[in-house]
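Peer 1: All the letters of the sequence shown, read from the start, carry residue numbers 151 to 239 under my numbering. Backbone N, C-alpha and C fix where the C-beta goes; we use that ideal spot for every residue, glycine too. Small disclaimer: the values here were computed from a predicted structure and weren't measured. After the structure tokens below, expect a handful of questions from me.
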Amino acid sequence: MLFVLNDFFSNIHWYVLLLYFSLIWNIYYIHMSTYIYIHKKKRKNISETLKGNIEQQIKETIENNLGYSMIYNIVENIRVKNINIVIII
151 MLFVLNDFFS NIHWYVLLLY FSLIWNIYYI HMSTYIYIHK KKRKNISETL
201 KGNIEQQIKE TIENNLGYSM IYNIVENIRV KNINIVIII
């Protein structure tokens, strides 16, 4: 009886290992394919929003006259450095 069980397990051993590794490989493959798909989608959305923001900034700069936008940029740069300045227009 022990010999029969031993023979049975020695034969089924490779099938179990094959099933186990194929299961692990399938889970890994599904996980990585969904992970790559989600991150490509996120990257695409981020690039679209950045593109939209840049286009909007260019449009606003063109709509405003160039002198005003230059003064505004100077004031914003100075505000970032915490320097108080008064511009008389």
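1) Less than 8 Å between C-beta atoms, sequence neighbours within five positions excluded: which residues of the same chain meet that for residue 151?
2) Enumerate in chain order the residues of its own chain whose CB-to-CB distance from residue 265 is below 8 Å, with the five nearest sequence positions on each side excluded.
3) Have a look at residue 167 and residue 188 and give me their C-alpha separation to the nearest angstrom.
4) Would you tell me roughly how many angstroms separate the C-alpha atoms of residue 183 and residue 170, rounded to the nearest one?
5) Can you give the Cα-Cα distance for residue 210 and residue 181, rounded to whole angstroms?
Peer 2: Result, derived from the coordinates:
1) Taking the first residue of the sequence shown as position 1, residue 151 is located at position 1. Low confidence applies here, because residue 151 scores a pLDDT of 49, under 50, leaving its location unreliable; read the following figure in that light. Sequence-distant Cβ neighbours of residue 151 in its own chain, meaning closer than 8 Å and more than five residues away, do not exist here.
2) There is no way to answer for residue 265, as the model of the chain reaches only from 151 to 239.
3) Locating residue 167 in the sequence shown gives position 17, counting from the first residue. Locating residue 188 in the sequence shown gives position 38, counting from the first residue. Within the model, the alpha-carbon separation for residue 167 versus residue 188 is close to 31 Å.
4) The residue labelled residue 183 in the question sits at position 33 within the sequence shown. The residue labelled residue 170 in the question sits at position 20 within the sequence shown. Spanning the two alpha carbons is a distance of roughly 20 Å.
5) Here residue 210 refers to the residue found at position 60 of the sequence shown. Here residue 181 refers to the residue found at position 31 of the sequence shown. Cα to Cα, the separation comes out at about 43 Å.
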